[in-house]
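Quick notes on the structure that follows.
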Amino acid sequence: MKNLNKTDIGLIGLAVMGENLALNMADKGWNVSVYNRTVPGVEEGVVERFVNGRAKGKKIEGYTDIAEFVTSIAIPRKIMMMVRAGSAVDELMEQLFPHLSEGDILIDGGNSNYEDTNRRVALAEKKGFRFVGAGVSGGEEGALNGASIMPGGSESAWPEVKPILQSIAAKASDGTPCCQWIGPAGSGHFVKMIHNGIEYGDMQLIAEAYWVMKNLLGLDNGQM
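Using the numbering used here, count along the sequence shown one by one with no gaps and you end on 570.
Next comes the structure, spelled out in structure tokens:
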């Protein structure tokens, strides 16, 4: 049974990727709670600007208090973290733990090292929570209009997060969502790492081919 007056998912981190994912979720019919830290002189008024700007009129609720943010989400809570990879994720998890209930789900949508995700899955499960490491590919445009999402971690979380993640994912020509369960622990972020490696290899190949054609073959851009 759906919790009355509670949102379907929470999202933390309102840089462009976080904002676009929240807008994508709202456009797919989900009620979304959003939170961003406040750092005097560095990050101020982020939530207010988003809620009263790009998110105005949409089913998005903004919070600047982390306890109120967590309370606003239906149980079992699904909270997607869109913060910088590394220690920021660990620090945010420690802030969230005291406010969570057993079975709640944390989703790391950043480019975390898969070994860090292995550790975080184990830590969350030890505390009675669930953790999903989800690689998100497609950049700002994909976050808003359909990304490729690679989730892995606590397998029992998949049926809970699947409807939301697949709804915001890009779709293949036959309508299949570009989001399927990858496997346990940090496997989602491992696949994202491989994806990034292939992408950067392609970029290097293009750059080197351009250099050869321009500097050795004397071709201009039109000829290429």
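Backbone N, C-alpha and C fix where the C-beta goes; we use that ideal spot for every residue, glycine too.
Distance CB(residue 368)-CB(residue 380) smaller than 7 Å: Yes; because the gap between Cβ atoms is below 7 Å, this pair is in contact.
Alpha carbon of residue 496 to alpha carbon of residue 404, nearest angstrom: 27 Å
For residue 394 and residue 375, the rounded distance between their alpha carbons: 22 Å
Residue 482: first and last residue of the uninterrupted beta strand (DSSP E) it sits in: 476–483
CA-to-CA distance, residue 557 to residue 386, given in whole angstroms: 46 Å
Host beta strand (DSSP E) of residue 424 (start-end): 424–427
Residues near residue 527 by beta carbon distance below 8 Å, same chain, minus five either side: So the list reads 497, 498, 501, 504, 508, once near-sequence residues are dropped.
Residue 448 burial status per 10 Å Cβ neighbour count (16 or more: buried): exposed
Residue 535 beta carbon near the ligand FMN (any heavy atom closer than 6 Å): The ligand FMN is not among the ligands present in this structure, which contains no ligands whatsoever.
For residue 394, the three-state DSSP class (helix, strand or coil): helix
Rounded C-alpha distance that separates residue 468 from residue 460: 13 Å
Start and end residues, beta strand (DSSP E) containing residue 499: 494–499
Other residues of its chain near residue 389: CB distance less than 8 Å, five sequence neighbours each side excluded: 382, 383
Beta-carbon proximity of residue 456 to residue 538, cut-off 7 Å: no
Where the alpha helix (DSSP H) through residue 454 begins and ends: Looking at the DSSP string, residue 454 is not in any alpha helix (DSSP H); the run it does join, the beta strand (DSSP E), is 451–454.
Pairwise C-alpha distance: residue 465 and residue 472: 11 Å
Alpha carbon of residue 519 to alpha carbon of residue 444, nearest angstrom: 44 Å
Unbroken alpha helix (DSSP H) run spanning residue 543, endpoints: Annotation: the continuous alpha helix (DSSP H) that includes residue 543 extends over 533–557.
Proximal residues to residue 475 (C-beta, below 6 Å), its chain only, five neighbours per side dropped: 446, 450
Residues bridged to residue 357 [DSSP beta-bridge criterion]: 380, 426
Cβ pair residue 398, residue 490 closer than 7 Å: no
Exposure label - residue 552; buried when at least 16 CB within 10 Å: exposed
Under the three-state DSSP convention, the category residue 322 falls into: In the structure as shown, the chain starts at 347 and stops at 570, and residue 322 therefore has no counterpart that could be examined.
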